[in-house]
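Take any residue in the sequence shown, count from 1 to its spot, add 1436: that is its number in my numbering.
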Amino acid sequence: VMVTQFFVFLYCKCLWRSLKFVIRKFTGRCELQRICYNNKHGARRTLKIGMPNSSALSVPPDKVEKTVEDIMTLKKINPDTNPQLGISLQGSLLQIAGYRNLVAEVEKFRREAYDCENVKHEEMLMKLWKELRPDTPLTARISKQWCEIGFQGNDPKTDFRGMGLLGLLNLLYFAEHDKATALQMLNDSLFSFAIVGINITDLAYSLLVGGALKTHLYNVAPEMASLQHFQQTFCYLMQEFHGFWIEEDPSDIMEFNRVRSKFHRKILRQLKNLDMLSVFLIVVNCRTAAPVVERKLNTLLSLKFSRNL
C-alpha cells in the first residue's frame, strides 16, 4: 500500500510540474507572476504566495528585499519589464513575516506572568481601574472592589494566570481606545467583564496562533501586522461577543462555554471568507464604531425587554 501511495504521489507531483510548465509556456508567466497579477493585494494574494513557496514563510523582514531579487533572478524575470511584480511580492512577503513576528510577540506577552512586584504591571492594573471606575477610588490593592469590574476575587493577579500579561494589555487597550463601549458592557452586567475579556483574549490568541487571523490581518495591514492590529481584533471580538450573548439569551452564566463555542464557530466561518475585511470590520480608531454598536445593543435590549413583557 505504501509503495502504491508513493507512486501516486510521485505521479501527481510530476503531473503538476508538467502542467505548470505548459501553463508557463502558454501564458509566458511563471506561477508567482500569475498569482500576483491575478489576485488583488491582501489575503487572496499572500495566502497563495505562501503555499507554493514554503521558504517564503521563514524570510525575516530585513531579508525580504534581497529575497525578492533572488526569486526574480531564479525565475528569470526581468524587473524592468515586470516592475509591479517585485512590489507585489515584497508586500506579501512582509505580510507573512509580520504575521510570524506578531505570533511571537503575542506569545511573549502571554507567557509573561503578572507580577505584583513589577511597577509597570501594577501601573497598568491601576490604570485599568481608573478607566473603568473613574469616579470610584480603589480603597486597597487587595480588595473586593475588583469584583466590580469583573474579576473573580480580591486580587486580579490570580485571574491573569491563563493569559499572562496579554489579558491585561488587551483589557487596558479596550478601556482606553473604546471607553464608551467598554463602560457600557461593564454597566450592562450581563457577565463578568474582566473575566470575559481574558477569555476572549484566549479566543483571539487561538485564532492568531492557529492561522485563522491571516485572512483578516493580510487584508487590514498593508505590510506588517502589529500588536495594535491584534488588540483592535480583540476590541471587535468583545463587541461582537456582547451582542451575540444578548442574541443567544442564555438563562444564566453557566451557559457561557456553550455560547462561547458557538461564537467561536461563527468567527471561524467569517474568517474563511478571503475578502472578509467587509465582514470582519476593524476600525483603526475603535471610537468611530461605538455609536453603531450602541444602536445595535439598544435594539437588542429592546427586543429582549419586549419578549419578557
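Just so you know, even glycine gets a beta-carbon here, dropped at the ideal spot from N, CA and C.
Note that the structure is a prediction, hence the values are computed from the model and not measured.
Under three-state DSSP, which class holds PRO1519? helix
Should the segment 1476–1488 be regarded as contacting the segment 1518–1538, the criterion being three or more beta carbon pairs within less than 8 Å? Enough Cβ pairs lie closer than 8 Å, so yes.
Determine, using beta-carbon pairs with one atom in the segment 1617–1629 and one in the segment 1670–1679, whether at least three such pairs fall under 8 Å. yes
For ARG1547, which of ASP1688, ASP1638 and LEU1643 has the nearest alpha-carbon? For ARG1547, the nearest C-alpha among the options comes from ASP1638.
Just mark LEU1510 as buried or exposed, buried being the case when its beta carbon has 16 or more other beta carbons within 10 Å. exposed
What are the start and end residues of the alpha helix (DSSP H) that includes ILE1636? ILE1636 -> alpha helix (DSSP H) spans 1629–1645.
Inter-residue CB distance, ILE1507 and LEU1468 (contact presumed, cutoff 8 Å): 7 Å
SER1628 at chain D interface by Cβ criterion, 8 Å: Checking the listed chains, one finds no chain D in this structure; it contains a single protein chain.
What distance in whole Å lies between the Cβ atoms of LEU1663 and LEU1568, which are believed to be in contact at a cut-off of 8 Å? Not really, about 21 Å apart at Cβ, beyond 8 Å.
To the nearest whole angstrom, what separates the beta carbons of LEU1704 and ALA1648, a pair I think is in contact under 8 Å? 6 Å
Assign GLU1505 to one of three DSSP states: helix, strand, or coil. helix
Contact defined as beta carbons within less than 8 Å: I believe TYR1641 pairs with VAL1542. What is the distance between those atoms, to the nearest angstrom? 6 Å
So is GLN1668 buried or exposed if we call it buried at 16+ other beta carbons inside 10 Å? buried
Where TYR1550 falls: helix, strand or coil (DSSP): coil
So the candidates are PHE1670, ILE1513, ASP1516 and ALA1618; which of them puts its Cα closest to the Cα of GLY1586? In terms of Cα proximity to GLY1586, the closest of PHE1670, ILE1513, ASP1516 and ALA1618 is ALA1618.
Along the alpha helix (DSSP H) that carries ALA1479, what are the first and last residues, could you check? 1479–1486
If distances are taken between C-alpha atoms only, which option among PHE1666, GLN1520, ALA1657 and ASP1591 comes closest to LEU1644? Measuring from the Cα of LEU1644, the nearest candidate turns out to be PHE1666.
Nearest to ARG1597 (by Cα), restricted to the options PHE1670, ILE1631, ALA1657 and THR1572: For ARG1597, the closest of PHE1670, ILE1631, ALA1657 and THR1572 by C-alpha to C-alpha distance is ILE1631.
Please look up how many angstroms separate the CB atoms of ALA1549 and GLY1600, rounded, as I've assumed it's under 8 Å. 5 Å
Do you know how far the Cα of TRP1582 is from the Cα of SER1589? Per the sequence shown, residue 1589 should be read as Gly rather than Ser. Cα to Cα, GLY1589 sits roughly 7 Å from TRP1582.
Considering only residues of the same chain and omitting the five flanking positions on each side of VAL1720, which have a CB-CB separation below 8 Å? With a pLDDT of 40 at VAL1720, under the threshold of 50, the predicted position of this residue should be treated as unreliable, and no value is reported.
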